[in-house]
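Read through the structure below, which is laid out as structure tokens, and then see the notes.
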Amino acid sequence: MRSDLHFLKGPAGASACEGQDGDCIRCGAICVERFPVLKRLVNGHRLVYLDSAATAQKPEGVIAAQARYYRRHNANVHRGMHTLASEATDLYETCRRRTARFLGVTRPEQVIMTNGATGALNLAAFGLRHTLNPGDEILLTEMEHHANLVPWIKLARQEGLLLRHIPVTDDGRLDLGALPEMLTDRTRIVSLTHASNVLGTINPVAEIAAAAHKRGAVVIVDAAQSVGHMPVDFDALGVDLLAFSAHKVYGPMGLGFLVGTPEILSRLEPVEFGGEMIETVTLDDATWADVPHRFEAGTPNVAAAAAFPAALDLIEEATLERIRTHEIQLTGYALETLSAFDELTIYGPDDPSQRGGLVSFHDAKIHPHDLAQLLDARGVAVRAGHHCAQPLHRRLGVVATARASFGLYNSHDDIDAMADAIRYAREVFA
Amino acid sequence: MIGEMDELYREVILDHHRAPRGSAVIDTPDLEAEGKNPSCGDELTLKLRLDGDCVVEVSAVTCGCAIATASGSILAELVTGRTLAEVRQLADAFREHMHGDGDELPDELDPGDLDILTSVRRFPARIKCALLPWMTALEAIASHTQDRPVGVSTTEV
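Listed in order, the protein sequences are those of chains R and X. Every letter in the first sequence is one number past the one before it in my numbering, and letter 355, counting from 1, is 1587. Every letter in the second sequence is one number past the one before it in my numbering, and letter 111, counting from 1, is 116.
Next up, the structure:
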């Protein structure tokens, strides 16, 4: 049974969907109303956007909220007595409170706002630098995005650390059998992705976090591909720090979050210094502001923060449970559809319920760049390349893959359109 | 558009892609360089055998997309029989043409199938694919003439 988009109500005045089975044109139309970019044509075809893992499209509410901020409230935060400054500060702090609530975090002060997930992971790594000594071990995995590899490579070079990586099995899972051997008394930090941006694999973060904590390690999770696509409860994951970005959660670009336990945040050192993050400054000395402001030096992206709650509104309206069910159905349908092609390799676990909403594949007949180019000619947007995960691609034995990734606005029709476009590409290359 | 796509993946390009020229390995090259596109992972190994200053044999082995492979094949076809100075002149002209708004490649350079590759200009993300073999050739020639060790060239410019 298909349940495309039935859960989204139309804009004010539009009638709600009656939820019939099969393709619901009205729902599709309503959804397009909610995400303006989906109305456009690309190369003469309806845009079929299958690149939400790179960035999700923005609902009208987010776009309007960001514009409204600049039209009505624009001011700097935490440093003005006038009305606009007070409104801007309120909008900024509302984003922190809403994000905390969205992740089940007890206190808003546990949420640090950054410029993105990469910024959040860099803050986590370099903010813990003072706790590390030469010979200490950092445990990562073979399936990490460069954002959760390169900061550690830099830190390891500076501090003489040893990097270790949990291997990936042939079916695209973490080899947890290797975990007891890899977690040692020297393991100070374990940092891993919640859901792989290439394999889709959802990792058993809570289980790994529990094992790591027994060894006294700090646990960091890169939740860039999970937040907004499945229920994510910070406390239930049992990690010390969690990073994600707003733009993959239907929010604006230029905003990310590092969420932490009060204990770890009290030990984390700032990595950027300047205005806003201080308590007292003399010519020769400075003391830091309280958590979380000590981590937010300079003028933050207030416009993005003012807009992000509108993205959370949409997710809460649709509900994460329904979004997750929808993405599992789409992933299952994509796996089934792509399996019908000969000489096409699909990566990651077979079971869609154990994957996030994306499928990476490699067509033996067509290089991923050529495939993506020909799909684009049919209005189908997929990503081609190493998806910022070169070590994982080396493990898979390919230089590049094509990736289709889903958001709440995608439908079974979109996957059919991709399959048609793959057939077209194969005709060109025949 | 479909029309533009037909132009990008013209039969001539697809033919070079399916059966690349210069795929035979040269065991004792006089010039050698490896090219990489870091952003997409495409790789090319270029080997040239010389008679004096003249290219007598080319091996261009590409691990990459159809555009990069076709470009390497066209390079193998075109540079055989040219002097290194002529190869450099052709590579420079192609690079300038792909990055600029210049006219077609001058006839006196005898650009052959390279003229067809200039249609890639309409697809900015693919320009580096078409340039990879030519930038690698420039690197190989520079190493040779300056007697520098062989380096890895990239087309990230």
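Note that the Cβ used here is the ideal one computed from N, Cα and C, for glycine as well.
Start-to-end residues for the beta strand (DSSP E) that takes in residue i
{"i": "X/L53", "result": "47-56"}
{"i": "X/T141", "result": "Careful: X/T141 lies outside any beta strand (DSSP E), inside the alpha helix (DSSP H) at 132-150."}
{"i": "X/T67", "result": "59-68"}
{"i": "R/T1373", "result": "1369-1373"}
{"i": "R/R1635", "result": "1633-1637"}
{"i": "X/G40", "result": "36-42"}
{"i": "R/T1519", "result": "1518-1520"}
As assigned by DSSP and simplified to three states, the class of residue i
{"i": "R/T1569", "result": "helix"}
{"i": "R/L1426", "result": "One point to set straight first is that residue 1426 of chain R is His, not Leu, in the sequence displayed. R/H1426: coil per DSSP, three-state reduction."}
{"i": "R/F1527", "result": "helix"}
{"i": "R/F1476", "result": "strand"}
{"i": "R/R1300", "result": "helix"}
{"i": "R/R1272", "result": "coil"}
{"i": "R/M1345", "result": "strand"}
{"i": "R/G1492", "result": "strand"}
{"i": "R/Y1656", "result": "helix"}
{"i": "X/D32", "result": "coil"}
{"i": "R/V1481", "result": "helix"}
{"i": "X/R15", "result": "coil"}
{"i": "R/A1649", "result": "helix"}
{"i": "R/V1294", "result": "helix"}
{"i": "R/E1553", "result": "helix"}
{"i": "R/H1377", "result": "coil"}
{"i": "R/T1512", "result": "strand"}
{"i": "R/R1278", "result": "strand"}
Where the alpha helix (DSSP H) containing residue i begins and where it ends
{"i": "R/R1330", "result": "1315-1334"}
{"i": "R/A1307", "result": "Counting along the chain, R/A1307 falls outside any alpha helix (DSSP H), and DSSP gives it neither H nor E."}
{"i": "R/K1386", "result": "1382-1391"}
{"i": "X/R100", "result": "89-104"}
{"i": "R/G1506", "result": "No alpha helix (DSSP H) holds R/G1506; DSSP gives it neither H nor E."}
{"i": "R/Q1289", "result": "Element bounds for R/Q1289: n/a, residue is neither H nor E."}
{"i": "R/P1623", "result": "1622-1628"}
{"i": "X/V84", "result": "71-84"}
{"i": "X/D118", "result": "Careful: X/D118 lies outside any alpha helix (DSSP H) and carries neither H nor E."}
{"i": "R/A1543", "result": "1534-1550"}
Buried/exposed call for residue i, threshold 16 Cβ in 10 Å
{"i": "R/D1253", "result": "Any reading at R/D1253 must be qualified, since the residue scores a pLDDT of 38, below 50, and its modelled position is unreliable; no value is offered."}
{"i": "X/T33", "result": "exposed"}
{"i": "R/Q1298", "result": "buried"}
{"i": "R/T1331", "result": "buried"}
{"i": "R/R1389", "result": "exposed"}
{"i": "R/K1290", "result": "buried"}
{"i": "R/K1271", "result": "exposed"}
{"i": "R/V1269", "result": "exposed"}
{"i": "R/G1506", "result": "exposed"}
{"i": "R/Q1457", "result": "buried"}
{"i": "R/E1413", "result": "exposed"}
{"i": "X/G46", "result": "buried"}
{"i": "X/V61", "result": "exposed"}
Chain A contact for residue i (CB, 7 Å cutoff)
{"i": "R/V1534", "result": "Checking the listed chains, one finds no chain A in this structure; the protein chains it contains are R and X."}
Check: Which whole runs of the beta strand (DSSP E) in the stretch 1558-1618 of chain R are 3 residues long or more, in chain order?
Finding: 1576-1578, 1590-1595, 1615-1617
Checklist line | Proximal residues, the stretch 40-73 of chain X versus chain R, C-beta separation under 8 Å | finding: S44, C45, G46, D47, E48, C68, G69, C70, A71, I72
Check: Can you list, in chain order, the stretches of the alpha helix (DSSP H) that have 4 or more residues and sit fully within the stretch 1394-1478 of chain R?
Finding: 1411-1414, 1437-1446, 1466-1469
Next item on the list: Taking a Cβ distance cut-off of 9 Å, strictly less, list which residues of the stretch 119-132 of chain X are near chain R, in chain order.
Entry: F128, A130, R131
Next item on the list: Could you run through the stretch 1628-1641 of chain R and flag, in chain order, every residue whose CB is less than 7 Å away from some CB of chain X?
Entry: V1631, A1632
Notebook entry, point to check: Got a sec: which bits of the stretch 1610-1626 of chain R sit with their beta carbon under 9 Å from any beta carbon on chain X, in order along the chain?
Noted result: R1610, A1616, G1617, H1618, Q1622, H1625
Note to self: Under 8 Å, CB to CB, which of the residues in the stretch 1361-1395 of chain R have a partner in chain X?
What the structure shows: none
Check: Using Cβ-Cβ distances below 7 Å, what residues of the stretch 1271-1284 of chain R are close to chain X?
Finding: N1275, G1276
Next item on the list: With 8 Å as the C-beta to C-beta threshold (strictly closer), list the residues of the stretch 1640-1660 of chain R near chain X in chain order.
Entry: V1660
Check: Using Cβ-Cβ distances below 7 Å, what residues of the stretch 1582-1604 of chain R are close to chain X?
Finding: H1599, H1601, D1602
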